[in-house]
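Terminal number for the sequence shown in full-length UniProt numbering: 263, no gaps in between.
Just so you know, even glycine gets a beta-carbon here, dropped at the ideal spot from N, CA and C.
Given the structure is predicted, the values throughout are model-derived calculations rather than measurements.
Structure first, then comments.
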Amino acid sequence: MRDYKLVVLGAGGVGKSCLTVQFVQGVYLDTYDPTIEDSYRKTIEIDNKVFDLEILDTAGVAQFTAMRELYIKSGMGFLLVYSVTDQRSLDELMELREQVLRIKDSDKVPMVLVGNKADLTDERVISVEDGIEISSKWGKVPFYETSALLRSNVDEVFVDVVRQIIRNEMENVVKSDARNQSTKSSPSTSVGPNGNIASTENSKKSSPTTDKPRSKPLNTSRRPTETVKTTLPKRSTNSPGKSSSPVSSKQKKKKKRNLCVIF
Ligand SMILES: Nc1nc2c(ncn2[C@@H]2O[C@H](COP(=O)(O)OP(=O)(O)O)[C@@H](O)[C@H]2O)c(=O)[nH]1
Ligand SMILES: [Mg+2]
Numbered sequence: 001m002r003d004y005k006l007v008v009l010g011a012g013g014v015g016k017s018c019l020t021v022q023f024v025q026g027v028y029l030d031t032y033d034p035t036i037e038d039s040y041r042k043t044i045e046i047d048n049k050v051f052d053l054e055i056l057d058t059a060g061v062a063q064f065t066a067m068r069e070l071y072i073k074s075g076m077g078f079l080l081v082y083s084v085t086d087q088r089s090l091d092e093l094m095e096l097r098e099q100v101l102r103i104k105d106s107d108k109v110p111m112v113l114v115g116n117k118a119d120l121t122d123e124r125v126i127s128v129e130d131g132i133e134i135s136s137k138w139g140k141v142p143f144y145e146t147s148a149l150l151r152s153n154v155d156e157v158f159v160d161v162v163r164q165i166i167r168n169e170m171e172n173v174v175k176s177d178a179r180n181q182s183t184k185s186s187p188s189t190s191v192g193p194n195g196n197i198a199s200t201e202n203s204k205k206s207s208p209t210t211d212k213p214r215s216k217p218l219n220t221s222r223r224p225t226e227t228v229k230t231t232l233p234k235r236s237t238n239s240p241g242k243s244s245s246p247v248s249s250k251q252k253k254k255k256k257r258n259l260c261v262i263f
């Protein structure tokens with residue numbers, strides 16, 4: 001079984017815990033302690049493959065500590081959450097994203113931009129277009145508006161990140177296969193002055209490796225473990241309108257389509 005570590009980031013009060021608990025346990029917790037930082041586990045099935053997710057729901061208290069650096073290092077995919085009712089929460093995401101890219105030392109980090117509380121239409125201060133603009137600036141990071149309250153696009157944001165991780169891994173495998181292939185097809189051997197044969201293999205060992213260090217495990221000392229077996233329907237990234245998560249009424253379906261913006 002594959003083990004994927006996801007990290008939910010964002011300002012306090014944007015709905016990180018509500019989204020996480022809604023995804024993992026299928027319930028909406030209206031009164032969740034904003035200082036609690038927890039890790040959850042959930043098993044999901046995507047394209048007939050089972051993935052064990054470890055989801056870290058971060059809290060404001062760790063925003064400016066070394067802890068954050070640690071969990072960003074060990075995270076494989078990131079949900080960057082703001083509230084559509086809070087401009088400052090979107091501003092805060094800019095710095096968070098910068099940190100993620102810097103710490104991961106890559107511009108291809110699996111992540112989604114999430115505008116939560118989309119159900120609060122009267123209190124909205126950030127439009128869908130604003131979200132799209134940020135996502136474009138971020139190199140077309142997939143962007144969704146969600147409602148933890150209505151369970152709208154909740155599964156979708158988590159599954160999107162997992163799919164990005166899978167894609168990244170596959171690309172890395174293809175790249176390393178190609179590298180191995182080229183090494184095999186053109187063996188670089190040379191005969192030294194004393195007749196010794198120097199191979200590419202040997203010289204590789206002495207040069208600095210470009211492989212990333214293995215992720216450190218998250219601090220799980222306070223972790224409640226929730227393992228739920230769920231089969232999530234496949235979502236086509238080419239058809240943003242055809243969101244596959246079940247909804248009860250036609251009206252909800254219509255609303256959901258409007259809320260989901262995927263590039
Ligand atoms: N209307 C609405 N309220 C939400 C939603 N998500 C969270 N909230 C509210 O925002 C509060 C803070 O959410 P929480 O998940 O604790 O935020 P966190 O600090 O980012 O973890 C909750 O107590 C809810 O009252 C949502 O989708 N819709
Ligand atoms: Mg919280």
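Run of the alpha helix (DSSP H) containing residue i, from where it starts to where it stops
| i | result |
| --- | --- |
| Lys-104 | 87 to 104 |
| Lys-16 | 16 to 25 |
| Val-128 | 128 to 137 |
| Glu-69 | 66 to 74 |
Residue range of the beta strand (DSSP E) that includes residue i
| i | result |
| --- | --- |
| Thr-114 | Checking the sequence shown, residue 114 turns out to be Val, not Thr. Note, Val-114: beta strand (DSSP E), 111 to 116. |
| Glu-45 | 38 to 46 |
| Val-81 | 77 to 83 |
| Val-141 | It is not in any beta strand (DSSP E) - Val-141 carries neither H nor E in the DSSP assignment. |
| Val-50 | 49 to 57 |
Any non-hydrogen atom of ligand 1 within 7 angstroms of residue i CB
| i | result |
| --- | --- |
| Tyr-144 | no |
| Ser-147 | yes |
| Val-14 | yes |
| residue 277 | Residue 277 is absent from the structure shown; the chain starts at 1 and stops at 263. |
| Ala-10 | Note on identity: in this sequence residue 10 is Gly, with Ala being the wrong assignment. Checking every heavy atom of ligand 1 against the Cβ of Gly-10, one is found closer than 7 angstroms. |
| Asp-91 | no |
| Lys-117 | yes |
| Leu-96 | no |
| Leu-120 | yes |
Residue from the options with nearest C-alpha to residue i
| i | options | result |
| --- | --- | --- |
| Arg-68 | Tyr-4, Gly-10 and Asn-180 | Gly-10 |
| Leu-53 | Tyr-144, Ile-36, Phe-78 and Tyr-32 | Phe-78 |
| Leu-149 | Gln-87, Gly-115, Asp-107 and Arg-41 | Gly-115 |
| Gln-25 | Arg-163, Ile-44, Arg-179 and Ser-127 | Ile-44 |
| Ser-106 | Phe-158, Phe-143, Asn-48 and Asn-168 | Asn-168 |
| Arg-41 | Pro-142, Asn-172, Val-7 and Asp-177 | Val-7 |
| Asp-30 | Ser-147, Arg-179, Ile-46 and Gly-131 | Ser-147 |
| Ser-83 | Ile-72, Val-100 and Leu-19 | Leu-19 |
| Asp-33 | Gly-12, Leu-93, Phe-51 and Val-27 | Gly-12 |
| residue 280 | Pro-142, Ile-72 and Lys-73 | Not covered by the structure: residue 280. The range shown for the chain is 1 to 263. |
| Leu-90 | Ala-178, Val-14 and Ile-72 | Val-14 |
| Val-27 | Asp-122, Met-94 and Ser-152 | Ser-152 |
| Gly-131 | Gln-87, Lys-104 and Val-173 | Gln-87 |
| Tyr-71 | Asn-172, Lys-5, Ser-127 and Leu-93 | Lys-5 |
Any non-hydrogen atom of ligand 2 within 7 angstroms of residue i CB
| i | result |
| --- | --- |
| Tyr-32 | yes |
| Asp-57 | yes |
| Ser-17 | yes |
| Ile-132 | no |
| Ile-36 | yes |
CB-CB length for residue i against residue j, believed under 8 angstroms
| i | j | result |
| --- | --- | --- |
| Val-21 | Thr-85 | Contact doesn't hold; Cβ gap of about 20 angstroms is too wide. |
| Leu-80 | Arg-97 | 6 angstroms |
| Thr-35 | Ala-59 | 5 angstroms |
| Phe-23 | Val-162 | At roughly 11 angstroms, the Cβ-Cβ gap does not stay under 8 angstroms, so Phe-23 and Val-162 are not in contact. |
| Tyr-144 | Glu-129 | Tyr-144 to Glu-129, Cβ: 14 angstroms. No contact. |
| Lys-16 | Asp-47 | With a Cβ gap of about 27 angstroms, Lys-16 and Asp-47 do not count as contacting. |
| Ile-165 | Met-76 | 5 angstroms |
| Ile-55 | Ser-39 | 7 angstroms |
Test: residue i CB closer than 8 angstroms to a CB of chain C
| i | result |
| --- | --- |
| Ala-66 | Any reference to chain C falls outside this structure, which holds one protein chain only. |
Three Cβ pairs or more, each shorter than 8 angstroms: is that satisfied between the segment 138 to 152 and the segment 108 to 122? Contact holds: three or more Cβ-Cβ distances are below 8 angstroms.
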